[in-house]
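Read through the structure below, which is laid out as structure tokens, and then see the notes.
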Amino acid sequence: MVSLPLEKANVIVEEALKVGRENNMLPLTVSVLDSGGHLLSFQREDGSGILRGDIASGKAWGALGMGISSRTIRDRGKDRLAFQNAIAIASKGRLIPVPGGVLICNHDVQVLGSVGISGDTSERDEYCAIKAIKSAGLVPSPEEEDPNWQS
Numbered sequence: 001m002v003s004l005p006l007e008k009a010n011v012i013v014e015e016a017l018k019v020g021r022e023n024n025m026l027p028l029t030v031s032v033l034d035s036g037g038h039l040l041s042f043q044r045e046d047g048s049g050i051l052r053g054d055i056a057s058g059k060a061w062g063a064l065g066m067g068i069s070s071r072t073i074r075d076r077g078k079d080r081l082a083f084q085n086a087i088a089i090a091s092k093g094r095l096i097p098v099p100g101g102v103l104i105c106n107h108d109v110q111v112l113g114s115v116g117i118s119g120d121t122s123e124r125d126e127y128c129a130i131k132a133i134k135s136a137g138l139v140p141s142p143e144e145e146d147p148n149w150q151s
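Next comes the structure, spelled out in structure tokens:
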């Protein structure tokens with residue numbers, strides 16, 4: 001199993017926080033997991049609520065567990081209440097199905113881990129994750145942010 005090096009995980013966290021500051025976002029919390037779902041790097045900005053760590057990790061864990069971004073999990077589950085309930089039970093409530101959980105891939109599209117961000121709107125959280133992964137020289141999935149991320 002290929003996994004994300006700690007050095008790259010730390011770059012992703014730092015870059016995500018930098019993107020948040022450059023875009024005047026609310027205080028962010030960033031959680032990076034390796035390909036086995038273990039916490040690799042984590043930071044919570046001053047002023048970020050105490051639940052933000054669990055939310056960020058839940059977004060990352062859900063993306064990794066389902067093999068798709070948390071935005072895609074949300075979109076696929078919109079009209080499928082039974083599916084939403086099933087994944088909530090299967091994940092023991094750990095999965096957070098809103099944007100902000102992004103897969104981290106290498107250029108061979110192998111999943112190395114995931115990042116979850118919480119603190120601003122879900123679309124803005126996801127924007128920071130995508131930009132940070134690209135800044136680390138890796139490939140995010142999804143590769144492009146929601147076109148309405150600034151709304």
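Residue 1 is where the sequence shown starts when you use the working numbering, and the numbers rise one by one after that.
All C-beta atoms in this analysis are idealised placements derived from N, C-alpha and C, irrespective of residue type, glycine included.
The structure displayed is predicted, hence computed values, not measured ones.
6 Å CB neighbourhood of residue i in its chain, flanking five on each side removed
i: Asn180; result: What the structure shows of the chain is the stretch from 1 to 151, and residue 180 is not part of that stretch, so it cannot be assessed.
i: Glu123; result: Pro99, Asp146 and Trp149
Residue i - containing alpha helix (DSSP H), residue span
i: Gln84; result: Leu81 to Ala90
For residue i, the first and last residue of its enclosing beta strand (DSSP E)
i: Gly113; result: Val111 to Ser118
i: Val139; result: Val139 to Ser141
DSSP three-state assignment for residue i, whether helix, strand or coil
i: Ser57; result: helix
i: Thr72; result: helix
i: Gly47; result: coil
i: Ile130; result: helix
i: Leu197; result: Because the chain is modelled from 1 through 151, residue 197 falls outside the range shown and cannot be assessed.
i: Leu40; result: strand
Own chain partners of residue i with C-beta closer than 8 Å, once the 5 adjacent residues on each side are dropped
i: Phe153; result: The question about residue 153 has no answer here: the residues shown for the chain are numbered 1 through 151.
i: Cys105; result: Val111, Leu112, Leu138, Val139, Pro140 and Ser141
Sheet register partners of residue i (DSSP bridge)
i: Asp34; result: Gly113
i: Leu28; result: Answer by DSSP bridge pairing: none, since Leu28 is not bridged.
Cβ separation of residue i and residue j, assumed to be a contact under 8 Å, to the nearest whole Å
i: Glu95; j: Trp149; result: Checking the sequence, you will find Leu at residue 95 rather than Glu. The Cβ separation is near 22 Å, so there is no contact.
i: Ala56; j: Val30; result: 6 Å
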